[in-house]
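Data first, discussion second: the structure below is written as structure tokens.
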Amino acid sequence: MASARGLKRVFRTFVVEPLKIIAGSKAGLAGFIGLLLYISMAVFGPYIVPLDTRPKPEKRYLPPSWEHPLGTDFEGKDIFSQIINGARDVLFVAFMAGTLTVLIATLLGSIAGFKGGLWDSIIMAVDEVLLTIPQFPLLSVLAALVRLNNFTLAAIIGVLSWPALARAIRSQVLSLKERDFIEAARALDLGTRHIVTVEILPNLMPYIVVSWILSMTGAIYSQVGLVFLGFVPFTSHNWGVMINMAWTWGAIYYKTSVWYILSPILAITGFQLSAILFARSLENVFNPRLRG
Amino acid sequence: MSKVLELRDVSVAFAVGRTLFSSGRMAKAVDRVNLELGEGRTLALVGESGCGKTTTGKVAAGLIKPTEGLVLFYGKDVWKIKREEFNEYRKSVQIIHQDPYSSLNPMLTIYRTLSAPLFRHKLVSSKEEAVDMVSKLLETVGLVPPEEFISKYPHQLSGGQRQRVVIARAISLNPKAIVADEPVSMIDVSLRLQILHLMKDLQRKMGVAYLFITHDLATGRYFARDGYTAVMYLGTIVELGPTNSVILEPLHPYTRALLSAIPEADPEKTRMKKVMELRSLDVPSLLNIPSGCKFHPRCPFFIEGKCDKQPPERYYVGKDRWVACYLYE
Amino acid sequence: MAIAAQREPVIVVRNLSVEYLTPRGVVKAVRNVNLEVFKGETLFIVGESGSGKSTLGFALLNLVPQPGYVKEGEVVYRVDGKEVNLMKLPPDEQRKFRWKHASMVFQAALNSLNPVLRVWDQLYDTIKAHDRNVSREEAYEKVRNLLSLVRLDADRVLRAYPHQLSGGMRQRVMIAMALLLDPHIVILDEPTTALDLLTQKNIIEVLKNIKSKLHTTMIFITHDLSLAAELADRVAVMYAGRIVELGDVYEIFYRPKHPYTYALMKTVPKLTSVDEELYPIPGSPPDMVNMPPGCKFHPRCPYSADVCKQVEPLDEWVASGHLVACHLWKELKLEVRAP
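Residue numbers (the numbering used here), protein chains in the order written: chain A, 1 to 292; chain B, 293 to 621; chain C, 622 to 960.
Listed below in structure tokens is the structure:
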């Protein structure tokens, strides 16, 4: 049947082919598997490894062991379960913020680049103003004013991160506009909708996808930074909070307790690394030239 | 025989030196150009890089609106007609670019690139029909067997093959005229003639007219040997006439200087050529165009008081030849 | 007739092979090239893209860029009566040898002018780098003379930055720079592409000037046959990494012996030969990673015989100074133009 065949084809082009390409590069595969692990951790983790909430002072700052793979914190609570449970919030905000950033930046950057003229001037003016405001202090101020939860935090980070990306997308669109094949498309009277969706957008995709992943990593930093500075009242198993607590409770001074601060840092770094490696191999997926 | 395209006193000006504080000056990339292209005929537009020939080509194809003058398609002013008629004109005048590496969308397969205009203009209504027509197009431009090329991406084809795809795309809507901007400059010498012969073949079969733009006078002369040649300098057409007579008996001092300066692939001929001495070695740019006749600072036949004051009109000297020089007033 | 250069070789290339390591495989860019360059002559190495001409040019100065490497063979210079195998010298000796004995003018695209230095500074620095004892006045004299040789106004050019000069002027500065240390040999890689036509003529006049005044040996690398017709004493035609024909410029253009040379002459439009019939060359250049067996031109050659498909032809002498790599040249009576 036609629809079954069509479905198979879509599956092949959007799932199987890309997976094959990603598997082709070791770095990309490692990144992809890493991300899968983190996502599973976020989605399923809390069910498998429930959060240890009862303080047990006698178990304070225990080193890693079978029972507590990453040791215990200053209250005797298991660190490993905190990491697993903390993934959800952190990744959720990162995903939301990154997606929001990319959507806004692509929309505004494309309009500015493609339409030019007044649209371009207005969007770029707003863009410049936002770029000149120091991001972190602004973030901090907003965080203090707005009632914070995952959604609002993601929204704030997303809205403040789009200017730089929008500028880059605008440049890409501007240079694409001048390419000969766009001019040929105009000569063939293929229409604006076709030109933007079929000719320009696919050429932007590699850039957009990679930027999306990098936006997510940027969002994590913003998030963790805010939390570390204590601006955001969050649950104790949030990785940023863990770093904050570890810092304030002096975990870095003891050999046995250093795991309390190391674990969240490693968790964050692991995610960033997986994301970046994956992003690089994604470039190959979207660019037929790199596929060979 | 009707005129497919006519450019009358067409100028394209752009602002130079525009800053926040000044509106800058206007420089003319194309300055009162007159030319016409008959059905199924060939006109070579030759000149050095930066002389405005590419811009002229884009004006002819309707991709740039001239700041002055008229662009006529079968006698109708294209910038005054209705949207539908304008689109018809746009489709009837196609363009071939010189760089086969940037004239095809690297993200689309050959099939998608060639079928897009077919679907858009309802020449086909199903995938089967599209594959059929695209295959026929590929065969017409010598890419056989078509199955081998149809699902490939541009980077998998050689420069010559890509250029053939570009030509296939240009003829897919059955145009009346094709503006070919340096179509073989980036192609290896041993392969150029194949492409040129293909273009000529299509001209015979489909009756399409060519505006052949190039800085390589030898190639231009060959391709337009049954047609006309126009020589351009700093935005102005200085000479226009049947190709062989323009090349063998150049009239305008610039054409003569050019022909005496270009080396030819024939050692005896080229070493015996006497080079015309120019008054100045400075190469003017569009930013400081000389007054009066643009060639006057370098022209050995310069007449003081005349050539530097007013630019000459184009004068008819018989046998279908026009020259923009006071010597032929 | 072409000016007979003194038949004393200044460069001897023996069995040179250069390869590039690419993801697709090994590209044999230059294969078993044997060549002698004579003192004071103007030799043109012509070929299309992929023929190996640029690689050969770089190899002459042992400047083959990564991922290329010299597989075998040698390039021997004969200077001041001594033989110097450039590739065997230690790196800083090589650098000193280069520019002093043999220099290179690169394509305009690979502009070797430093954009943040004035022209005078660059020229002066180059002189000082090779000879600390040269005084400023001496250097200035030298530079002035060279600039007038390339028809540039010294006062105007020396003070300028590269971007303030036109393409043609920059190219002439590069030529002057290549001549700063009075090299015996200058290699020029596509010296006139990307220049407007009247400026090209200028550069050609400059090069002729240099040839007659300085008697420098000049090696040109280009795909432009008309440039060769204008300036060459001898022409070497390259195809798929080998020199398929080498000879006097008039012989190459009017009485070529190799089918590829002949086909080239019959496919290039000449400006004023309005009645000449031209013939396209079928097929396309070989894939440099997977080349066909035998003679690399055979798939496109109208005369190819069985032996051509199996055995690669060796160099054969046609007459004194004329070399061909073709099995059938004796049988073919190719002529572009009657004497």
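All C-beta atoms, glycine included, are put in the ideal place defined by N, C-alpha and C.
- Leaving aside the five residues that flank L91(A) on each side, the residues in its chain whose CB is nearer than 6 angstroms to its CB run, in chain order, A42.
- Residue contact with chain C for E556(B): present (Cβ-Cβ distance below 8 angstroms to some residue of chain C).
- In the DSSP annotation of this structure, the continuous segment of the alpha helix (DSSP H) that includes T248(A) starts and ends at W239 to T248.
- The beta carbon of L188(A) falls within 8 angstroms of a beta carbon belonging to chain B, placing the residue at that interface.
- When Cβ-Cβ separations below 8 angstroms define contact, F114(A) makes no contact with chain B.
- L570(B) and A549(B) do touch by the CB rule: their CB atoms are close to 6 angstroms apart, below 8 angstroms.
- Looking at I487(B), N536(B), G344(B) and E605(B), the one whose alpha-carbon comes closest to that of V895(C) is N536(B).
- Residue pairing by DSSP places T152(A) in no beta bridge whatsoever.
- As far as DSSP is concerned, P559(B) takes part in no beta bridge.
- Against chain C, a Cβ distance below 9 angstroms from D480(B) picks out E669, S670, G671, H844, S905 and P906.
- G361(B) is outside the set of residues whose beta carbon lies under 8 angstroms from a beta carbon in chain C.
- For T53(A), the CB contacts under 8 angstroms within the same chain, skipping 5 residues up- and downstream, are K77 in chain order.
- Rounded to whole angstroms, the separation of the alpha carbons of H194(A) and I104(A) is 21 angstroms.
- The C-beta separation of V870(C) from R855(C) comes to about 6 angstroms, placing the pair in contact by the 8 angstroms criterion.
- By the criterion of a C-beta distance shorter than 7 angstroms, A267(A) is surrounded in its chain by I83 and W239, once the five residues flanking it on both sides are discounted.
- Looking at M399(B), V385(B) and P592(B), the one whose alpha-carbon comes closest to that of L176(A) is M399(B).
- Bounds of the beta strand (DSSP E) holding G689(C) are G689 to V700.
- Of all alpha-carbon atoms in Q448(B), G332(B) and D424(B), the one lying nearest the alpha-carbon of P438(B) is that of D424(B).
- Interface flag for H489(B) against chain C is set, since a Cβ pair is found closer than 8 angstroms.
- If you draw a straight line from the Cα of Y883(C) to the Cα of L949(C), it comes to about 13 angstroms.
- Between the C-alpha atoms of K565(B) and H844(C) there is a straight-line separation of about 22 angstroms.
- Put simply, the region 872-891 of chain C does not touch the region 589-607 of chain B. Fewer than three CB pairs are less than 8 angstroms apart.
- Under the Cβ criterion of 8 angstroms, Q386(B) is counted among the residues facing chain A.
- The Cβ atoms of G342(B) and V302(B) lie no closer than 8 angstroms to each other.
- With a 10 Å radius around the Cβ and a threshold of 16 neighbouring Cβ atoms, K374(B) comes out exposed.
- Straight across, the Cα-Cα distance linking E933(C) with T405(B) is about 41 angstroms.
- Here the alpha carbons of C585(B) and K601(B) stand approximately 8 angstroms from one another.
- Of the candidates M708(C), P804(C), W938(C) and E811(C), the residue whose Cα lies closest to the Cα of V697(C) is M708(C).
- At a cut-off of 8 angstroms between beta carbons, N244(A) makes no contact with chain B.
- Per DSSP, L579(B) lies in no alpha helix (DSSP H) and is assigned neither H nor E.
- With fewer than 16 neighbouring CB atoms inside 10 Å of its own CB, G646(C) falls in the exposed class.
- Y883(C) sits in a helix when the DSSP states are folded into three classes.
- Between the C-alpha atoms of V385(B) and Y502(B) there is a straight-line separation of about 10 angstroms.
- Interface criterion not met: the Cβ of R404(B) is under 8 angstroms from no Cβ in chain C.
- Under the Cβ criterion of 8 angstroms, L430(B) is not counted among the residues facing chain C.
- Note that the region 332-349 of chain B touches the region 489-507 of chain B; at least 3 beta-carbon pairs, one per stretch, sit closer than 8 angstroms.
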